[in-house]
Each structure stands twice: as structure tokens, then as C-alpha cells.
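Number of protein chains: 2
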Amino acid sequence: MSTGVNLKELAAELKLSPSTVSRALNDSYEISEETKKKVVSMAEKLNYQPNPFARSLRENKSKTIAVVMPERMSSFFSKVIDGIEEVTHQHGYHLLIYSTHEDVEREKKIVNLLMNGRADAIVMSVSSQTSDISHLARLHERGFPLIFFDRICDNIPTTKFITNDYESSFEGTRHLIQQGCRKIAFLMLSKELSITKERYRGYLDALKAAGLSPTPSLQVTCAHEEEKNIEAIRNLLLSEDRPDGLVSSVEKLALATYHAVKKTDIKIPEDLKIISFFSNLSIAGLLTPSLTTITQPAFNIGEECAKLLIKKLTKPRQPDLPNQTISIPSKITIRASTLVEY
Amino acid sequence: MSTGVNLKELAAELKLSPSTVSRALNDSYEISEETKKKVVSMAEKLNYQPNPFARSLRENKSKTIAVVMPERMSSFFSKVIDGIEEVTHQHGYHLLIYSTHEDVEREKKIVNLLMNGRADAIVMSVSSQTSDISHLARLHERGFPLIFFDRICDNIPTTKFITNDYESSFEGTRHLIQQGCRKIAFLMLSKELSITKERYRGYLDALKAAGLSPTPSLQVTCAHEEEKNIEAIRNLLLSEDRPDGLVSSVEKLALATYHAVKKTDIKIPEDLKIISFFSNLSIAGLLTPSLTTITQPAFNIGEECAKLLIKKLTKPRQPDLPNQTISIPSKITIRASTLVEY
DNA sequence: TTGTAAGCGTTATCAA
DNA sequence: TTGATAACGCTTACAA
């Protein structure tokens, strides 16, 4: 309620017509410098703020970008948003944030809501349940600017930003092998996820390259509840065929592993070496032992997503978002959790 | 671009007038059940989504709440947002997120932008630089629904949600004293912040109650850059008058302390006992030694903020947001970092 | 019960 | 260089 003055009132104050004032504020070439000055200074004096809805209605754009992601309590997604905001803020864009909580139904509902123009574009990382992608396909077919990051939809022909999941998983697994591991476990969220598939593939290929054969019981698909994951991992670690190395494809499962290990006599890295995709650098170094990480360029991914969209949205006749997958490399930082025992 | 059908087209399809269709969709009593059914089913068939800007312009409300906070990469703020979203989502509200990065100028800019109605209300936690609050006062004076959480502005007569900062800081400090600490340090962000003041007061009073006198050199005001903070804390820990106990008034300074300790020979809890305001429970238990925490009810605070605003925004003739400070208690969890040595 | 028309605050077209 | 007017898509008096 009670916003400040509107264009009409401002115009009345200046004894000018609304259209003149509008043009003056938008720095139109048709308006004399003198009038512009008068208008701008009066606008400032009265603290005139244009009504965003009138403008959006008229111009059919919202200066808003929506970010849809599975969860917020994750350093990876927080950092991506920071990166996005860094860029969007510079260009006067606003950020709507939606969390699907890994629930496709909620994802569909959100995407549907966004189809009406509330946002000019969507930056998306799909939920782990998402296999039917018709809601996203429809959005894209309508020409709605949609890009993906991290958890992408390969079938939708648009730009996707990822990290080099396959390669870094391959490298990470190879690192474990070089450190002497022979029975390497792999922890993942849903197998539907693009990141799971790629990271899993890297893991498998690294095993193969070393002449190791994968053991199904060492490949654990985890769920949403932390307690259950910890229990499942503990069971894995205490099983007959227990692993001597472990690749965690997401941050939270590495933390769950540390929790699980605490409930056993297992020693890291002596009995078990761990490497994980991980974004929270400050904490990786504080874990005991410190955790060897594959650091995803989260902030950078966010920035690139935003830059591309801003370009698409601000340049008048920009071509479609090209159907390509852009990979920004992760960085492996070796810490104590994979150091060879002496 | 290319949103779906609009009301006029939908009406044409149904051979009805736009107003009838509008009323039918809004479940008006004036419309026959039969028509309603026809309209609703056709709307679904054509996937009609009302234009939010037309509606906002007309109704002068946006169904959007803005959250303005200092930083996102913090488990506390992430959890608060989760709590807010939990409630707002149920009521069909959208969430705009802004990060001030502890910069008042940016905060002012954001607040100014929001004055034009883009959001129906603001949930705010001020930056550590904020001492001049005129931008917030103006907003409130205009009748704009504004509430605070955590880092509040006492001088603005609206509702604020905090945790029992004074009491839990008092209790936490007393706990350290009971564990044998005599020289207790206090780490804080800006002294301007409400939470700093309250937590500091609790710390001082606990010292006084135990007959201990505060040492200025043990009270460290930290800054923004993690590296500098770690260095400052390390200097504190190695100083002549080094502390045997430490209260950290925010999460990130506890992490910085652990980093600083790693660079010394100091042993926790033998040489130094630590307690901290902390939200990331999963990690508190994984630190070595595990960290005694004062856990703020972050999610809950978010929920309460949202509930109050939704009530205010949806009930037609709601009174103003009452000028009161609602405190939701924190919980102290004692872990290894403050255990008495044997 | 349904239809007509005005208006929300902008910007763009056309006229002056 | 400026002003009058229509239009964006919706809701709501008012009319039928």
C-alpha cells in the first residue's frame, strides 16, 4: 500500500503531460535537455518509483529471473545463487527463488506458475525425482527462456552449465586407486539425475581402466533423510564386503559418511579413504581428517548462467539459447582423507 | 514471451464475456455452477494462467514477499528462508531474495527499489554496517509492512523475531565458567548489531555474576574477510593474556576459531573451551572436537515471520504489525568443546 | 446470471 | 519538443 507518487502526479506537479515525463525519465531523444533535468530532479525530490507492474504489463517483461532448485540448505546451491545474484543485481534484475524439496509435483506446480510471465527466464536444477520432463519441455517449446545447471535435462535443447562431472569423478576415483584402494564404494542420490549418471560413469570407467570390477553392493543410492542415509552407509561400512575407498557424488553424503564412520571403529584414511564432490571449502578443511574434495565452481556457474540470460534478455534480437552443454572444470584438492598410511 | 492464452481469448473460446470468466475462475457467487464448471475445465484445457502483473496492477498487491538479509552463505539465513518459504508457498506467495553483503548502501538501494510495490511486505535482517536507519524508517512510516528478524532495528515500531540472545549468551558464558574458564574471550561482528549488543550483554553479565572482570583485549570485533579473522583470532589465542574460554556470537567466527586453533598447538577443550551461536547442527557434531552450540531456532523464526505477514496481508482489516519483540528460545547443546578435562 | 465499461500506471502511436 | 489517446490483462461497479 501507499507507494509514493505516480507518473500522473509527478506530471501534474511539473505541469507537464505524463507522456512527456515518461519520455524524459527514459531519456528519450525527443525531449529537451532542460525538461529532462527538471523532470529528473523533481522525480528525485518526490522519490518517484515507477510501478513495476504497470511497466511489466505494458512491456511484457518483468526484469525478474526465477531460480528453481531442489534445496537451499546446501553450500553448492547457495553459492550458485550468490553468483547469479552478483550478475543480475548489476543489471537491475530481481531474483525469485523456489525450492522443490526434491519433489517433482512441487516442481511442476512451480514451473506452471512461472509460465505466466512472472519471470522473464528460469534457471533450473531439477529434482532427483524428475524423470517425466513434460512440464519443462512444454515451457521450452513455448519459447520461454530456460537454462539448466548442475542437474540438467539432456533432452531439452537449451544451454546447460555443468562441471566436468565425468572427468573429475574419473580422476577422483583414479586418485583413490593410486592411493591403494581396491574396493571403492560410490554414494549417490537418484540414478535419474544427470550428475549421478556422469559421475557414476566416471567412477566405473576409472575402475575399468585399473582392471577393477565394480561391486554392486558397494554402489549405494541414498535418500532424503539424513538419519536413514547415515544408517545405510554404516551398514555398508560394516558389511562383509566393506569398501576401502569411497566416492561421494554429493556433499551431503560425504557428511553422512563422516557421521556413519563416527559410529564405528573405522579409521579414515587408514581403513577407508574418502573423496567427495564438495562446495563448502571452509568446512572440508575442518573435518577430521580433512576431506579430499572435488570442488565445483559453484559461484562461477551461477555467474555464467546469469550472464547468458541477461544477454539473451537485454539484446533485442538475440538468437535462441543454443543447445549446448558448457562445462566449467572442478578442482580436486587432496587432503588427509585420502592420504596413504605410512 | 509467448505466455499462454489470456482471459479474453479464453472467454472467446467459451463464448462468454471476460468478466463472466473472471468471476467464474474466482469462484464468485454470482455465477452458476454449470458455467463455473465449463469455465474451469476449459481454463485447464488451455492451461490458462492469469497474468500476474495485470492482477497486481489492478489489485495493488503482488502476492510476493521480499527477504532482505546480509548474506546467503550461512546456515542460519538459509534455514530462515526455508521456514519462510514453507509458509508462503502454502499460501501461494512468491519470494524475492536480496543479499546486502553487509553493505548499507546496497541495503538502501534494495529497500528503495522495494518501495514501489514489487513486494507486499519485507522481512529483514540488517547489515552489520547499518546505523543510519532512515531508509527503513521511511518505509515503515509509509505504512509498508516491514518486520525484522535476528538483526533488528529497535527504533522502528514493528514486530521483530529474535531468539533469547541475552539469556542464552548468559547461560553459555556461565557454562564456560562452570567448566573452569576464567579468561573468556568474546568474538563478534559489528557492535552496531542488535544481536551483538544482546549477546555481549549476556556475556558481560555472566562474568559479573561470577565475580570475573572483563578484559578488553579478549573482546574481538571481527570483519568480513575470513582470512583476516582467522589471523586476528590466532593472535588473540597466542597473546600474552590468552583466553581459556571463548564465546563466539556467530557461526562463522566459531569456524574461524577452529581454523585458527589448527595453526597453533592449542588443544580444545584442554587449553581453550569454545561455545558458539551455531545453526548447522550436522556440522557441529563433525568438528573435532565436536562443538558446544547455542542453536538458534532458525527455521522456526522464518515460519513465524511468514505466518505473521500472511495474516496481515490476507485478512482484510488487519491492524498494524504490533511493535513487539518476540523471542523464540535457543537451545544449548553441550558437546566436547567445553567438556572438562580429566 | 451474464455483459459492458472503466480503470490500475505505464509506454507507444499519432497528432499538434 | 510536447500532448492526447490507446493499449497491456485483469477485476469490479453498474447495467441488463
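Residue numbers (this note's numbering), protein chains in the order written: chain A, 1 to 342; chain B, 1 to 342.
Virtual Cβ for every residue (Gly too), placed ideally from N, Cα, C.
Proximity test, Cβ basis, 8 angstroms: residue i and chain A
i: F277/B; result: no
i: L14/B; result: no
i: K228/B; result: no
i: M1/B; result: Legend: pLDDT at M1/B = 41, less than 50; position of this residue unreliable, no value from coordinates given.
i: N164/B; result: no
i: E105/B; result: no
i: T288/B; result: yes
i: A320/B; result: Note on identity: in this sequence residue 320/B is Asp, with Ala being the wrong assignment. No - not a single Cβ of chain A is within 8 angstroms of the one on D320/B.
Beta-carbon proximity check, residue i vs residue j, cutoff 8 angstroms
i: R182/B; j: D244/B; result: yes
i: G202/A; j: S248/A; result: no
i: M124/A; j: F148/A; result: yes
i: I266/B; j: S337/B; result: no
i: P70/B; j: H101/B; result: yes
i: L7/A; j: L46/A; result: no
i: T257/A; j: D241/A; result: no
i: T64/A; j: V104/A; result: no
i: L95/A; j: L96/B; result: yes
i: R72/A; j: S28/A; result: no
i: V68/B; j: I122/B; result: yes
i: L291/B; j: R335/B; result: yes
Straight-line Cα distance separating residue j from residue i
i: V220/B; j: L309/A; result: 43 angstroms
i: K208/A; j: E141/A; result: 40 angstroms
i: E226/B; j: D120/A; result: 36 angstroms
i: D132/B; j: S75/B; result: 27 angstroms
i: N26/A; j: K312/A; result: 21 angstroms
i: L218/B; j: L176/B; result: 15 angstroms
i: S2/B; j: G143/A; result: Legend: pLDDT at S2/B = 45, less than 50; position of this residue unreliable, value from coordinates given subsequently. Their backbone Cα atoms lie some 7 angstroms apart in a straight line.
i: N155/A; j: P52/B; result: 30 angstroms
i: V111/A; j: V261/B; result: 47 angstroms
i: F278/A; j: I294/A; result: 6 angstroms
i: L113/A; j: S127/B; result: 32 angstroms
i: L286/B; j: E107/A; result: 32 angstroms
i: P289/B; j: D271/B; result: 13 angstroms
i: S276/A; j: K307/A; result: 29 angstroms
i: T325/B; j: K263/A; result: 42 angstroms
i: E304/B; j: D82/A; result: 25 angstroms
i: E33/A; j: V40/A; result: 10 angstroms
i: I195/B; j: C153/B; result: 10 angstroms
i: A137/A; j: P157/A; result: 9 angstroms
i: A210/A; j: I332/A; result: 20 angstroms
i: P319/B; j: P145/B; result: 11 angstroms
i: P269/A; j: L246/A; result: 10 angstroms
i: L255/A; j: S282/A; result: 14 angstroms
i: I31/A; j: A43/A; result: 16 angstroms
i: M188/A; j: T159/B; result: 44 angstroms
Residue-level contact to chain B via CB, residue i, 8 angstroms cutoff
i: A137/A; result: no
i: F76/A; result: no
i: G302/A; result: no
i: G117/A; result: yes
i: L79/A; result: Checking the sequence, you will find Lys at residue 79/A rather than Leu. At least one chain B Cβ lies under 8 angstroms of K79/A.
i: M73/A; result: yes
i: G4/A; result: yes
i: L95/A; result: yes
i: D82/A; result: yes
i: E85/A; result: yes
i: I283/A; result: yes
i: S99/A; result: yes
Residue i beta carbon near the ligand ZN (any heavy atom closer than 7 angstroms)
i: S337/B; result: Annotation note on the ligand ZN: not contained in the displayed structure, which lists no ligands.
Anticipated Cβ contact below 8 angstroms, residue i with residue j, distance rounded
i: L343/B; j: V21/B; result: Only positions 1 to 342 of chain B appear in this structure, which leaves residue 343/B out of reach.
i: T163/A; j: A206/A; result: Not quite, the Cβ-Cβ distance comes to about 17 angstroms (not below 8 angstroms), so this is no contact.
i: Y166/A; j: F186/A; result: Not a contact, Cβ separation roughly 14 angstroms.
If the cut-off is 7 angstroms on Cβ atoms, which residues from the stretch 194-208 of chain A count as contacting chain B, listed in chain order? none
Check distances from the C-beta atoms of the stretch 28-42 of chain A to those of chain B and list, in chain order, the residues that come in under 8 angstroms. none
Can you give me, in chain order, the residues of the stretch 234-255 of chain B that have a beta carbon less than 9 angstroms from any beta carbon in chain A? K252, L255
Below 8 angstroms between beta carbons is the criterion; list the residues of the stretch 47-62 of chain A that meet it against any residue of chain B, in chain order. N47, Q49, P50, N51, P52, F53, A54, S56, L57, N60, S62
Taking Cβ-Cβ distances below 8 angstroms as the criterion, which residues of the stretch 255-274 of chain A are in contact with chain B? L255, Y258, H259, K262
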